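*Asks:* Chains as they are written, first to last, in numbering that gives the first Met the number 0: chain V, 0 to 214; chain Z, 0 to 988. Glycine included, every Cβ here is placed at the ideal spot set by N, Cα and C. These figures come from a predicted structure and were not determined experimentally. Can you read through this structure? Questions will come right after.
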Amino acid sequence: MAQIFHRSANTLSRVTIFGAVFIAGFLLWVIGGIVRSPVATDQGVFREQPVPFSHQHHVAGLGIDCRYCHTSVETSNFAGIPPTQTCMNCHKEIWTNADMLAPVRNSFATGTPLVWSRVHRLPDFVHFNHSIHVAKGIGCAECHGRIDKMALTYQYAPLTMEWCLSCHRAPEKHIRPREEVFNMAYVAKNQEELGPRLMREYKVQKLTSCSTCHY
Amino acid sequence: MTDKLTFDDFRARIGDVPTREYWRSLDELSRSEAFDEVLANEFPQQALPLQRGVDRRDFMKLMSASMALAGLAACNRPEQKIVPYVRQPENLVPGKPMYFATAMTLGGVATGVLAESHLGRPTKIEGNPDHPSSLGASDAFMQASILGLYDPDRAQVVYQLGEIRTWSEFVAALVPITNAAKTNGHGLRLLTQTITSPSLGAQIQQVLAMYPGMQWHQWEPVSRDNVREGLRMAFGAYVNAVYHFDKANVVVALDADFTSDGPGHLRYARDFASRRKVRRGTTSMNRLYSIDCGLNSTAAVADHRWAVKPSEVETWARALLAGGSGVGNANIAAIARDLQKNRGAAIVIAGEGQPPVVHALAMAINQQLGNVGSTVTITDPLEVQPVNELESLRQLVTDMNSGAVQALVMLGGNPVYDAPADFNFAEALKKVPFRAHLSHYYDETSMLSQWHIPETHYLETWGDARGHDGTVSIQQPLIAPLYNGRAACEVIGALLGGMDASPYDVVRSYWFSKGGNEQTWRQSLNDGVIANSALPPRGGAASANIPPPAARKEGNYELHIVPDPNIYDGRFANNGWLQELPKPQSKLCWENFAIVSPSTAKAIGFAEGERAALNNELATRRVKISYRGRDVVLPLWIVPGHPSGVVTVTLGYGRKNGGRIASPPDGSPIGADIYPMRFSDALGGGAGATIALTDEGAYMVACTQEHQSLNFSDTGGDREIIKRQTFGEAEKHEEEETNHQSMYPPFAYPLHAWAMVIDPSVCTGCNGCVVACQAENNIAIVGKKEVHRQREMHWLRIDRYFRGEPENPEIYHQPVPCMQCENAPCEPVCPVEATSHSGEGLNDMTYNRCVGTRYCSNNCPYKVRRFNFFHYSDYDTAAYKPMRNPDVTVRTRGVMEKCTYCVQRINEAKIDAERRGGDQRVRDGEVVTACQQACPTDAIVFGDMNDPKSRVAQLKKEPSNYGLLAELNTRPRTTYLAVVRNPNPEIRG
């Protein structure tokens, strides 16, 4: 009786059995890559907005402080999105006829709020508080990147838990003097010395309990 | 009722099995083998749905659903929108809640409230610490009122005969009515609930003056007529009594549940408990005697308690007035002596269900003891116009029947449902040509009215009302009416002919006309009370001239009709939180029951053997109660300590048109309507009822009595869940040296170590904490069937234990949240580290990690973990979305959850403390858990154990402090104090 399997089946089966380990490993590596990639995290993705607001123009060009618009960043968990009123403080005087600003004027006239698309989005089971990070010397640019160079706002950081923990485990690498928090262009001269010193000064804890963020 | 069941009966049945001193149900006391087996399983009902197996069709359904959903997982996250204000209100910081003082009324009387608002959405109710009726505490009704606000079943539009109309059409329809009434208003009638609101009262007086002959009727189904008439009997006029329990050494409650019922109950509970907290060095403790007609929250903390028939309370009161002399009962003489020893520092208080004469008797005793003026203050009445409401309604019904009533405007209330049965209110109402009804729901009365106007919730409109001592609160809205509602004062305004007066103008102009100005107005809104508006004490002594006792009617069984502890008179019937709340003493939910004592159950043939076979915690039999020609069928329930020969039933169920929860569209209303058995001459029921078991078989119930039992041990016997001691006795519970060894390395808690101490001595089991927790933590309800399967989601449960004779046991309440163990059994068993130890000693639960293995729950000796077996949280109903606490995740199916010690509040306080600078420590009292904040008796204390000065650290040092199941070396952070009772040494048994 003839053999059912050809001799090559032996080799094939060996390759398949040993290869399975590598194939599984490779698949995990691919999945791990995808969940960290912008496809899953939206890192670097621009959002369509009702008004193409440029942080670059307002922050770098005009030198407006972050807190002029994001008023509650030092007091609340939410930094705050400015009401139409804030835009109109200036734009009732300048660029009053610009087509680009029509939705803003319309909103102010009719009392209908502007509807912005959220750029930085955390899941509902994560609770982030802006005020404490600002108070402990974490600069805006640390998470939001060089906003002053963004013509259109995009998400700078991946906002994965791994990324959050990289700082919560080693805040000394990211901490800066409080007075530099809103300075976009700040670069530490000697972070190795400064970080641990500010940690002590600001009494920064390395909070990595689950309930620090998840509750 | 001579064949009482005794402890010995049970003991004989048990034989050699070690007995338990404390027990939760008769089944537990009798300890059948089958019962123990049931108890040993955490979810005995769990296996049932699976036993059926999966057939081919179900399999196909499941698989096709899985396939369909598999595709969705790949979808990207939907885009989220941010909608800022156009003009942001001043002082509003997005992300920071704001608090507004307002007031909630029940029975017309106000309790001060602080309502939490997130970006204009009220999300949580707390008591107002500055309000004398609250002092910061809140009850289940207040807590659940937030769900009532967002209830999608609330009335939303003006109806005329089922057609949608507008408010202005209604106002136009009133014009011919009011025109006709200008010359003779006799045919125009107003029916309201009890009103203490000065501004609304003034408006009504204006209307009455405008239409000569017009009459105002008041009706409240759970009325305080008995109190009003009793005090009138004593003092010759309608007055209000205010009690000062903080000054009372001895309290005698004559069927009075003063800690959870009636005006000022939260204040009374706080004051009463302040004299019952025995700490190291405490030299005095008050004593409570309760003569009641069935377990209630006050009776549960009594030092001595006698369960009597409702009709027998009067006999006790008369004997007490006589000083106990000439009565066979030696106990009464002993109580009388105790009262005499504490002249001027005692209180005798009668319950709202007792007839006026008992109230007059109680006041006569208070007068005799010199309590009036010291522990009891008499003031002018709270009501704008106190009347005998029953007679007021009777007059209305008589006039309606005679055709004298041309138009009836009903402001609130639901008289078609809740008027006395013999009034035939519905039939009489149909004879009125013009009927208008303002109410929260399109209810039974609305259906019989031509016009229905949706009423505003108290968080939606302006108003005012008096608290239990007369203090006026301005009720201010937190949100514009969600459903086009109108306030009572707007309807009155329409009657007055002006459409423009807004509730704000009405209330504000009234108080400005009373000498207020902008500054006092703003101050009153800020404080929640108008300064110095409490009614001053008035003179007068209670008369000792009491009418002679009427002949007592004897009959088979005495029917005892009481308001429901959860849904009151039926107005909260559509509130799921209250429906699912285990009733304070019986631990039943989702319907009403016929409550009897063990011996009565035996007498009507519901024998011990049958009960055990049914496994009474899961099922019971139904009974037919016949009373004065009316029948009702209710499930039978045995409550130890209930008076024999009495069957207690509660009002508020059997709603025909109460909303989706009260009257499910695809089934019969939940519970049975008792109002048809409530006659005007005996609103509280009376003798002459018969009870018979129906032929139908087992009836499934939702009772949480034996759910999550700790009292089960392999070796039998008691596990010392409850510890008790007698006041003055040597303190037995010295801290035992336990072995703190563990296989796991010890944790360090460098900054904070959160802990809780609960004092069950003062826990009345009122449930305020349970609903507060539910509101704070977005806890879902699951429905009757799921509760039956032990799947209720309450993070905090109140265990109720009995001790002693089943006919008259002692009662112990024990709130059980998560113990936040230092050696937590839940933590090491989680395969995905979804539950872990925080640096401050919390057992964190990370929902997004949880994969639902339920190992943690299985390994928790305290049974405090709750699992979302189904999608219990309502994600779809738009109306509920703004209600949820934005600081707490809404949990989905397949996720474990449990008490977090309100970690969102801890984190908030920590961040505030760190931003404040300095030593950055959270100070004692800055973190208040939701349960602690609600508790009227201050039985729950939370704080940082690392701070030796904190209240919680001090309490942990008390000799009576102990941990539950400490022998397991879990080192629970939540500990308990031993229950202290103060029995009179002269009284035995």
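(1) Hey, is R970(Z)'s beta-carbon within less than 8 Å of any beta-carbon in chain V?
(2) Compare the Cα-Cα distances from I478(Z) to each of N960(Z), Q932(Z), P984(Z) and A114(Z) and report the closest residue.
(3) If the cut-off is 8 Å on Cβ atoms, which residues from the segment 80-93 of chain Z count as contacting chain V, listed in chain order?
(4) Could you tell me the distance, in whole angstroms, from the CA atom of M0(Z) to the CA atom of V940(Z)?
(5) Using CA coordinates, which residue listed in R629(Z), G653(Z), C898(Z) and A318(Z) is at the minimum distance from E443(Z)?
(6) Counting only beta-carbon separations shorter than 8 Å, does L113(V) have a partner in chain Z?
(7) Considering only C-alpha positions, which residue in the set Q773(Z), Q87(Z), P96(Z) and N516(Z) is nearest to N76(V)?
(8) Is it right to say G24(V) is buried, meaning 16 or more other beta carbons lie within 10 angstroms of its own, or is it exposed?
(9) For S116(V), tell me which candidate among G119(Z), G111(Z) and I81(Z) has the shortest Cα-Cα distance.
(10) Below 7 Å CB to CB, which residues in the same chain sit around V415(Z) once its five sequence neighbours on both sides are set aside?
(11) Which word fits Q50(Z), buried or exposed, when buried means at least 16 other C-beta atoms lie within 10 angstroms of its C-beta?
(12) Taking 8 Å as the cut-off, decide whether the C-beta atoms of V645(Z) and K308(Z) are in contact.
(13) Start and end of the beta strand (DSSP E) containing P860(Z)?
(14) When the distance is taken between beta carbons, is I348(Z) closer than 8 Å to F422(Z)?
(15) Looking at chain Z, is there any beta carbon in it that lies within less than 8 Å of the beta carbon of K107(V)?
(16) Grouping DSSP H, G and I as helix and E and B as strand, with all else coil, what is N884(Z)?
(17) Is E162(Z) near the ligand PLP - that is, is its Cβ less than 7 Å away from at least one heavy atom of it?
(18) Which of the three DSSP states is assigned to S259(Z) in this structure?
(19) Listing by chain order, which chain Z residues have their CB less than 8 Å from the CB of P37(V)?
(20) Does F234(V) come within less than 8 Å of chain Z when only Cβ atoms are used?
(21) Taking Cβ positions, are P639(Z) and P581(Z) nearer each other than 8 Å?
(22) When you compare the CB of Q932(Z) with every CB in chain V, is at least one pair closer than 8 Å?
(23) Applying a beta-carbon distance threshold of less than 8 Å, which residues of chain Z neighbour R117(V)?
(24) Using three-state DSSP, classify R980(Z) as helix, strand or coil.
(25) Find the nearest neighbour of Q79(Z) within the set R199(V), T70(V) and P122(V), judged by alpha-carbon distance.
(26) Give me, in chain order, the residues of the same chain whose beta-carbon lies closer than 7 Å to that of P37(V); leave out the 5 immediate sequence neighbours on both sides.
(27) Can you give the beta carbon distance from V375(Z) to M232(Z), rounded, assuming they're within the 8 Å contact cut?
(28) Can you look up P131(Z) in the DSSP assignment and give me helix, strand or coil?
(29) Counting only Cβ pairs nearer than 8 Å, list the residues of chain Z close to A134(V).
(30) Going along chain V in order, which residues have a C-beta closer than 7 Å to the C-beta of L841(Z)?
(31) With distances taken from CA atoms, which of H793(Z), W794(Z) and Y811(Z) is nearest F801(Z)?
(32) Below 6 Å CB to CB, which residues in the same chain sit around N183(Z) once its five sequence neighbours on both sides are set aside?
(33) Nearest-angstrom Cα distance between V114(V) and M99(V)?
(34) Any residues in the segment 829-857 of chain Z with a beta carbon nearer than 7 Å to a beta carbon of chain V? Which ones, in chain order?
(35) Is the beta carbon of N983(Z) sitting closer than 8 Å to the one on H751(Z)?
(36) Would you mind giving the Cβ-Cβ distance between S391(Z) and W218(Z), rounded to the nearest angstrom? I have them listed as a contact below 8 Å.
*Replies:* Taking the geometry as given:
(1) Closer than 8 Å: no.
(2) When only C-alpha atoms are compared, the closest one is A114(Z).
(3) Identification of residues in the segment 80-93 of chain Z having a C-beta nearer than 8 Å to some C-beta of chain V yields K80, I81, V82, P83, Y84, V85, R86, Q87, V92 and P93, given in sequence order.
(4) Bear in mind that the predicted position of M0(Z) carries a pLDDT of just 37, short of 50, making it too unreliable to give a figure here.
(5) The closest CA to that of E443(Z), considering only R629(Z), G653(Z), C898(Z) and A318(Z), is found on G653(Z).
(6) Output row for L113(V): interface = yes.
(7) The shortest Cα separation from N76(V) among Q773(Z), Q87(Z), P96(Z) and N516(Z) belongs to P96(Z).
(8) A residue is called buried once 16 or more other Cβ atoms fall within 10 Å of its Cβ, and G24(V), having fewer, is exposed.
(9) Comparing alpha carbon positions, the residue from G119(Z), G111(Z) and I81(Z) closest to S116(V) is I81(Z).
(10) Cβ within range, chain order: F424, A425, L428, E443, T444 and L447.
(11) Since pLDDT at Q50(Z) reaches only 48, below the 50 mark, its modelled position is unreliable, and the value read off the structure follows with that caveat. Per the 10 Å Cβ criterion, exposed.
(12) Judged by beta-carbon spacing, K308(Z) lies within the 8 Å limit of V645(Z), meaning their Cβ atoms are closer than that value.
(13) Judged by DSSP secondary structure, P860(Z) falls outside any beta strand (DSSP E); it is assigned neither H nor E.
(14) It is not a contact, given that the beta carbons lie outside the stated cut-off.
(15) Residue identity differs from the one stated: residue 107(V) is Phe in this sequence, not Lys. Taking a beta-carbon distance threshold of 8 Å, F107(V) counts as an interface residue toward chain Z.
(16) N884(Z) falls in the coil class under three-state DSSP.
(17) Of ligands this structure carries none, so the ligand PLP is not represented either.
(18) In the three-state reduction of the DSSP assignment, S259(Z) falls in the coil class, being assigned neither a helical nor a strand state.
(19) Going along chain Z, no residue has its Cβ under 8 Å from P37(V), so there is no contact; the nearest lies around 11 Å.
(20) For chain V, the structure presents residues 0 to 214; residue 234(V) sits outside this window and is missing.
(21) No, Cβ-Cβ distance for P639(Z) and P581(Z) is not below 8 Å.
(22) By this cut-off, Q932(Z) is not an interface position.
(23) Against chain Z, a Cβ distance below 8 Å from R117(V) picks out E78, Q79, K80 and I81.
(24) Strand, per DSSP.
(25) It is P122(V).
(26) The answer, listed in chain order, is G43 and V44.
(27) In fact, because the Cβ distance is near 15 Å, the residues do not count as touching under 8 Å.
(28) Coil.
(29) Neighbours of A134(V) on chain Z, chain order: E913 and R914.
(30) L841(Z) reaches chain V at S210, counting residues in chain order whose Cβ is nearer than 7 Å.
(31) Sorting H793(Z), W794(Z) and Y811(Z) by C-alpha distance to the C-alpha of F801(Z) places Y811(Z) at the top.
(32) Closer than 6 Å at the Cβ level, and outside the excluded window around N183(Z), lie G212.
(33) Taking the straight line from one Cα to the other gives about 15 Å.
(34) Cβ contacts with chain V: S835, S837, G838, L841, D843, T845, Y846 and N847.
(35) The answer is no: Cβ separation not under 8 Å.
(36) Indeed they touch by this definition, with Cβ atoms about 7 Å apart.
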